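Peer 1:
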Amino acid sequence: MDRDLASQNKGRGGRGQSIEPPSTSPTHSGRFKGLLSLLRGLYARTASGIGTTIFIVFILVAIFGPFIASYGPNQQIAADARKPPSASHWFGTDNLGRDIFSRVVLGARDILSLAGLGTLLAAASGISFGLISGYLGGWFDEILMRIFDSFLSIPALLFSLLLLGTIGPSRNSVLIVIFIAYTPIIARVVRSVVLSVKPRGFVEAARLRGESLHYILFWEILPSVLPALAVELALRFSYAIFLVASLGFLGVGVQPPSPDWGLMVKEAREYVNAVPWALYIPAGAIALVVIGVNLMADGIKRVLQQST
Numbered sequence: 030m031d032r033d034l035a036s037q038n039k040g041r042g043g044r045g046q047s048i049e050p051p052s053t054s055p056t057h058s059g060r061f062k063g064l065l066s067l068l069r070g071l072y073a074r075t076a077s078g079i080g081t082t083i084f085i086v087f088i089l090v091a092i093f094g095p096f097i098a099s100y101g102p103n104q105q106i107a108a109d110a111r112k113p114p115s116a117s118h119w120f121g122t123d124n125l126g127r128d129i130f131s132r133v134v135l136g137a138r139d140i141l142s143l144a145g146l147g148t149l150l151a152a153a154s155g156i157s158f159g160l161i162s163g164y165l166g167g168w169f170d171e172i173l174m175r176i177f178d179s180f181l182s183i184p185a186l187l188f189s190l191l192l193l194g195t196i197g198p199s200r201n202s203v204l205i206v207i208f209i210a211y212t213p214i215i216a217r218v219v220r221s222v223v224l225s226v227k228p229r230g231f232v233e234a235a236r237l238r239g240e241s242l243h244y245i246l247f248w249e250i251l252p253s254v255l256p257a258l259a260v261e262l263a264l265r266f267s268y269a270i271f272l273v274a275s276l277g278f279l280g281v282g283v284q285p286p287s288p289d290w291g292l293m294v295k296e297a298r299e300y301v302n303a304v305p306w307a308l309y310i311p312a313g314a315i316a317l318v319v320i321g322v323n324l325m326a327d328g329i330k331r332v333l334q335q336s337t
């Protein structure tokens, strides 16, 4: 009887047992160790360490901004209008008597959340399109890539102005602009990696096991895409920050009275000779966070290249 059961199991599984794909999902401890390893690699070089520190500081400012700011973003103190930096107003006040330090701190949440959420939406869409297009190939890949090429043929800022001229300026419109502008770029990066990974043995083995398309794309191929994708997302995030600020400066992005950094620069340029700090401080914040994210992205690329 035992021999009969063994022969039945052998007949079902081919080798006496069922064949199951190995689990590829990392444990929580594995993710934590990977994050610590990445941070150690980033701080191994001075430039990437400085960029990472700048990024972390701005993230903390965005999170705890309401507890740091001494004044509201649009609170006007007429008696203190056009005051230079001092102990009571660290970054001075603008033409209307608003505290610039408070506006810069509170504006960090707006610009980082808009750029971050827009980049995440573009990443989700770009990853899906890139995986499917690269894996399936054929006419679907050809048509989709030609559509994306048509989007990429127009500079991002000009493309954003065209879209905002159609749907109107607002916070949601800026999100839509980042999503549409950066989805094709991320999709092409993902597709290029998929084309190199698709012929490998582990993908063919998953296909022979009869795994679903979803499993093959997101559990077999996507982990190989993550190193290149991490660098690309960091760069897209920095470009999105600059794009949000540029649209605010041009008056077609986030609208007043929001403490958007680009909008602050636009408002301050009219009286830059009288209150120069009202222009240079938010402009410096934009430059500092973009430089920090770019330095961090270079560090991420270096760490991932060393680990492969």
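Residue numbers for the sequence shown, in this note's numbering: 30 to 337.
Cβ coordinates follow ideal geometry from the N, Cα and C atoms, glycine included.
These numbers come from a predicted model, not from an experiment.
Compare the Cα-Cα distances from residue 206 to each of 186, 224, 218 and report the closest residue.
Peer 2: Sequence index remark: in the sequence shown, residue 206 carries index 177 (1-based). Among 186, 224, 218, the Cα nearest to that of residue 206 belongs to 186.
Peer 1: Kindly indicate which three-state DSSP category residue 105 falls into: helix, strand or coil?
Peer 2: For this step, residue 105 is matched to residue 76 along the sequence shown. In this structure, residue 105 counts as strand in the three-state DSSP scheme.
Peer 1: Are at least three pairs of beta-carbons, each pair with one atom in the region 123-138 and one in the region 180-199, less than 8 Å apart?
Peer 2: Result no; under three Cβ-Cβ pairs closer than 8 Å.
Peer 1: Can you find at least 3 beta carbon pairs, one from the region 206-223 and one from the region 135-147, that sit closer than 8 Å?
Peer 2: The region 206-223 vs the region 135-147: in contact.
Peer 1: Report the partner residues of residue 122 according to the DSSP bridge assignment.
Peer 2: Taking the first residue of the sequence shown as position 1, residue 122 is located at position 93. Bridge partners of residue 122: 128.
Peer 1: Excluding five sequence neighbours on each side, which residues of the same chain lie with their C-beta closer than 7 Å to the C-beta of residue 103?
Peer 2: Locating residue 103 in the sequence shown gives position 74, where the first residue counts as 1. 127, 286, listed in sequence order.
Peer 1: Quick check on DSSP: helix, strand or coil for residue 289?
Peer 2: Here residue 289 is taken as the residue at index 260 of the sequence shown, counted from 1. Three-state result, residue 289: coil.
Peer 1: Here's a check: name, in chain order, each residue in its chain whose Cβ is nearer than 7 Å to the Cβ of residue 132, leaving out the five neighbours to either side.
Peer 2: Working through the sequence shown from its first residue, we reach residue 132 at position 103. Here the set comprises 102, 288, 293.
Peer 1: Would you call the CB atoms of residue 297 and residue 307 closer than 7 Å?
Peer 2: To locate residue 297, count along the sequence shown from 1; it is residue 268. To locate residue 307, count along the sequence shown from 1; it is residue 278. A contact, by the Cβ cut-off of 7 Å.
Peer 1: Would you check if the region 167-174 and the region 98-118 touch, i.e. whether three or more CB-CB distances between them fall below 8 Å?
Peer 2: Because the criterion of three Cβ pairs below 8 Å is not met, the region 98-118 and the region 167-174 do not touch.
Peer 1: Please work out which residues of its chain come closer than 7 Å, Cβ to Cβ, to residue 324, disregarding the five sequence neighbours upstream and downstream, and give them in chain order.
Peer 2: As a working mapping, residue 324 is identified with position 295 in the sequence shown. Cβ neighbours of residue 324 beyond the five flanking positions: 76, 77, 79, 80.
Peer 1: Sort 162, 234, 249 by Cα distance to residue 215 and report the nearest one.
Peer 2: As a first step, residue 215 must be located in the sequence shown, where it is residue number 186. Among 162, 234, 249, the Cα nearest to that of residue 215 belongs to 162.
Peer 1: Given this structure, state the Cα-to-Cα distance separating residue 281 from residue 235, to the nearest angstrom.
Peer 2: Against the sequence shown, residue 281 aligns to sequence position 252. Against the sequence shown, residue 235 aligns to sequence position 206. Taking the straight line from one Cα to the other gives about 49 Å.
Peer 1: Residues in the same chain with beta-carbon distance under 6 Å from residue 320, minus the five sequence neighbours each way, listed in chain order, please.
Peer 2: The sequence position of residue 320 within the sequence shown is 291, counting from 1. If we look at residue 320 and ignore the five residues flanking it on each side, it has no Cβ neighbours.
Peer 1: Who are the Cβ neighbours of residue 123 in its own chain at under 7 Å, not counting the five residues just before and after it?
Peer 2: As a working note, residue 123 is residue 94 in the sequence shown. So the list reads 129, 297, 304, 307, once near-sequence residues are dropped.
Peer 1: Taking DSSP as the reference, what is the three-state secondary structure of residue 241?
Peer 2: Within the sequence shown, residue 241 is the residue found at index 212, counting from 1. Reduced to three states, the DSSP call for residue 241 is coil.
Peer 1: Counting pairs of beta carbons, one from the region 216-231 and one from the region 267-280, are three or more of them closer than 8 Å?
Peer 2: With a cut-off of 8 Å, the region 267-280 and the region 216-231 do not count as touching, because too few Cβ pairs lie within range.
Peer 1: What's the gap between the Cα of residue 312 and the Cα of residue 247?
Peer 2: Within the sequence shown, residue 312 is the residue found at index 283, counting from 1. Within the sequence shown, residue 247 is the residue found at index 218, counting from 1. Taking the straight line from one Cα to the other gives about 40 Å.
Peer 1: Take the Cβ of residue 329 as the centre, count every other Cβ of all protein chains shown within 10 Å, and call the residue buried at 16 or more, exposed below.
Peer 2: Against the sequence shown, residue 329 aligns to sequence position 300. Buried, since its Cβ has 16 or more Cβ neighbours within 10 Å.
Peer 1: Taking residue 89 as the reference, give the member of 249, 244, 120, 141 with the closest Cα.
Peer 2: On the sequence shown, position 60 is the one that residue 89 refers to. Minimum Cα distance to residue 89 is reached at 141.
Peer 1: I need the straight-line Cα distance from residue 55 to residue 189, nearest angstrom please.
Peer 2: Reading the sequence shown from its first residue, position 26 is the one you call residue 55. Reading the sequence shown from its first residue, position 160 is the one you call residue 189. No answer about residue 55 holds up, because its pLDDT of 46 lies below 50 and its placement is not dependable.
Peer 1: May I have the straight-line CA-CA distance separating residue 291 from residue 199, to the nearest angstrom?
Peer 2: Position 262 of the sequence shown, counted from the start, is the residue given in the question as residue 291. Position 170 of the sequence shown, counted from the start, is the residue given in the question as residue 199. If I take the Cα positions, the gap works out to 14 Å.
Peer 1: Using the Cα positions of residue 238 and residue 334, report the straight-line distance between them to the nearest angstrom.
Peer 2: As a first step, residue 238 is located in the sequence shown; it is residue number 209 there, counting from the start. As a first step, residue 334 is located in the sequence shown; it is residue number 305 there, counting from the start. Rounded to whole angstroms, residue 238 to residue 334 spans 31 Å at the Cα level.
Peer 1: Whose C-beta lies closer than 7 Å to the C-beta of residue 249 among residues of the same chain, with five residues either side of it excluded?
Peer 2: For the purposes of this step, residue 249 is taken as residue 220 along the sequence shown, with counting starting at 1. Correct list, in chain order: 231, 232, 235.
Peer 1: Who are the Cβ neighbours of residue 156 in its own chain at under 8 Å, not counting the five residues just before and after it?
Peer 2: On the sequence shown, residue 156 is found 127 positions in, with the first residue counted as 1. Around residue 156: 215, 216, 219, 251, 254, 258.
Peer 1: Is the closest heavy atom of the ligand NAP to the C-beta of residue 128 under 6 Å?
Peer 2: As presented, the structure is devoid of all ligands, the ligand NAP included, so that no description of it is given.
Peer 1: Reducing DSSP to helix, strand and coil, say where residue 136 ends up.
Peer 2: Counted from its first residue, the sequence shown places residue 136 at position 107. Helix.
Peer 1: Considering only C-alpha positions, which residue in the set 179, 87, 154, 196 is nearest to residue 135?
Peer 2: Within the sequence shown, numbered from 1, the residue matching residue 135 stands at position 106. Of 179, 87, 154, 196, the residue nearest in Cα terms is 87.
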